[in-house]
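**Student:** Per this note's numbering, the sequence shown starts with residue -5, numbered consecutively.
Beta carbons are placed, not taken as given, at the ideal position from N, Cα and C, and that holds for glycine.
Quantities reported herein were computed from a predicted structural model and do not represent experimental measurements.
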Amino acid sequence: MSTFVLVPGFWLGAWAWKDVVGELRKAGHTAYPISLTGLADRAHLASPGLTLDDHIDDIVNLVSYEDLHEVILVGHSGSGGVVTAAADRIPDRVARVVYVDSGPVPNGMAQIDLVGREAVEAALVDGYRFPFVPLEAQDQGTRLDGLTPEIRELMTAKATDQPLGPISQPFSLTGAVDKLPKTIVSCMFSEAEITDLMAQGHPYFAAVTGPEWQIREFPTSHWPMFSRPADLAALLMSL
């Protein structure tokens, strides 16, 4: 049986993985969904002083204090960078890094640079909180495929502002993560489209080279934990 640590993307918390975690546990696996500091059930800890290191520590400390080994570390969307950095710190505890509609952030860049720094900074509340972008404003391509009205209402109701600090601090990696097995679960792009993006030098895919990488196509919304939770759990269990 495998051990999974599941990290949500922007605006979400451990709650977002509920259905996926249920499937994993039902099959006998161990699963730890996590809310990063300042988000969801930990929203009361949000502050202007929150840093990327705080979010990396959230993951590293969970693995350490729960004494987890051979972890399959799963990051969705905007947590692709932070799971990479956490695995870089504790490569001996990680069996595989999985990027769900996501990818690693290149060394020296910040997550905000891939999202669009100007757009984020223009939307800030109180100078450090990035509010949830309404789903209707995110309706591009297949991004919302399979999200029922009930799911959209749930996401909107539970989303919390994304703290600026952790997404604006550049990543500083040692390279320890480089040789770990890695999987991209691509919901919005085919493998051929990702190959094209790699050839174009897209930052998300610049590091996606070498035998340690695999790409699994998984056509659905950008939030597969809501649109295809059972299928996503099955895919994770197959890795």
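Please report the residue range of the beta strand (DSSP E) in which VAL176 lies.
**Tutor:** The sequence position of residue 176 within the sequence shown is 182, counting from 1. Reading off the sequence shown, one finds Lys at residue 176, where the question assumed Val. Per DSSP, LYS176 belongs to the beta strand (DSSP E) from 176 to 180.
**Student:** Quick one: is MET219 buried, meaning 16 or more other Cβ sit within 10 Å of its Cβ, or exposed?
**Tutor:** Translated into positions along the sequence shown, residue 219 becomes position 225. Looking at its Cβ environment, which holds 16 or more other Cβ atoms inside 10 Å, MET219 is buried.
**Student:** Do you know how far the Cα of ASP51 is from the Cα of LYS20?
**Tutor:** One-based indexing of the sequence shown puts residue 20 at position 26. One-based indexing of the sequence shown puts residue 51 at position 57. Computed Cα separation, rounded: 29 Å.
**Student:** Of the choices ASP172, LEU56, TYR122, THR150, whose alpha-carbon is the least far from that of ALA131?
**Tutor:** Working through the sequence shown from its first residue, we reach residue 131 at position 137. It is THR150 whose Cα lies nearest to the Cα of ALA131.
**Student:** Going by Cα to Cα distance, which pick from GLY3, LEU129, PRO100 is closest to GLY195?
**Tutor:** Start at 1 with the first residue of the sequence shown, and residue 195 comes out as number 201. With distances taken between Cα atoms, GLY195 lies closest to PRO100.
**Student:** To which residues of the same chain is GLY121 closer than 8 Å at the C-beta, ignoring the five residues directly before and after it?
**Tutor:** In the sequence shown, the residue the question calls residue 121 occupies position 127. Answer for GLY121: PRO42, LEU158, listed in chain order.
**Student:** When we look at the beta-carbon of ALA227 and count the other beta-carbons within 10 Å, is it buried (16 or more) or exposed?
**Tutor:** Here residue 227 refers to the residue found at position 233 when the sequence shown is read from its first residue. Label assigned to ALA227: buried.
**Student:** Output the distance between the C-alpha atoms of GLY7 and ASP190, rounded to the nearest integer angstrom.
**Tutor:** As a position in the sequence shown, residue 7 is number 13, starting the count at 1. As a position in the sequence shown, residue 190 is number 196, starting the count at 1. Answer to the nearest angstrom: the Cα atoms are 32 Å apart.
**Student:** What first and last residue would you give for the beta strand (DSSP E) that runs through ILE66?
**Tutor:** Against the sequence shown, residue 66 aligns to sequence position 72. Where ILE66 is concerned, the enclosing beta strand (DSSP E) stretches over 65 to 70.
**Student:** With 16 other CB atoms within 10 Å as the buried threshold, where does ASP86 fall?
**Tutor:** As a working note, residue 86 is residue 92 in the sequence shown. The residue in question, ASP86, is exposed, as its Cβ has fewer than 16 Cβ neighbours within 10 Å.
**Student:** Go ahead and label ARG90 buried or exposed: buried means 16 or more other beta carbons lie within 10 angstroms of its beta carbon, across all protein chains shown.
**Tutor:** As a working note, residue 90 is residue 96 in the sequence shown. Label assigned to ARG90: buried.
**Student:** When the distance is taken between beta carbons, is ILE145 closer than 9 Å to GLN105?
**Tutor:** Here residue 105 is taken as the residue at index 111 of the sequence shown, counted from 1. Here residue 145 is taken as the residue at index 151 of the sequence shown, counted from 1. No.
**Student:** In chain order, what residues of the same chain lie with their CB nearer than 6 Å to the CB of GLU17, ignoring the 5 residues before and after it?
**Tutor:** Working through the sequence shown from its first residue, we reach residue 17 at position 23. Same-chain partners within the cutoff: ALA224, ALA227.
**Student:** Return helix, strand or coil for THR31, following the three-state DSSP convention.
**Tutor:** As a position in the sequence shown, residue 31 is number 37, starting the count at 1. Here THR31 sits in coil by DSSP.
**Student:** What runs of the alpha helix (DSSP H), each 4 residues or longer, lie entirely inside the segment 42 to 104?
**Tutor:** Complete alpha helix (DSSP H) runs here, min 4: 46 to 59, 74 to 83.
**Student:** Run through DSSP, which three-state label would VAL1 get?
**Tutor:** Along the sequence shown, one-based indexing puts residue 1 at 7. Strand at VAL1.
**Student:** Looking only at its own chain, which residues have a Cβ that is under 7 Å from the Cβ of LEU229, when we skip the five neighbours before and after it?
**Tutor:** For this step, residue 229 is matched to residue 235 along the sequence shown. Once the five neighbours on either side are set aside, the close Cβ partners of LEU229 are VAL179, ARG210, PHE212.
**Student:** Residue range of the beta strand (DSSP E) that ARG111 falls in?
**Tutor:** In the sequence shown, counting from the first residue as 1, residue 111 sits at position 117. Note, ARG111: premise wrong, no beta strand (DSSP E); alpha helix (DSSP H) at 111 to 117.
**Student:** So, under 8 Å CB-CB, PRO98 and GLY72 are touching, yes? Tell me the CB distance rounded to an integer number of Å.
**Tutor:** For the purposes of this step, residue 98 is identified with residue 104 of the sequence shown, where counting begins at 1. For the purposes of this step, residue 72 is identified with residue 78 of the sequence shown, where counting begins at 1. Not quite, the Cβ-Cβ distance comes to about 12 Å (not below 8 Å), so this is no contact.
**Student:** Taking the CB atoms as reference points, tell me whether VAL202 and LYS176 lie closer together than 9 Å.
**Tutor:** Locating residue 202 in the sequence shown gives position 208, counting from the first residue. Locating residue 176 in the sequence shown gives position 182, counting from the first residue. Yes, these two residues count as a Cβ contact at 9 Å.
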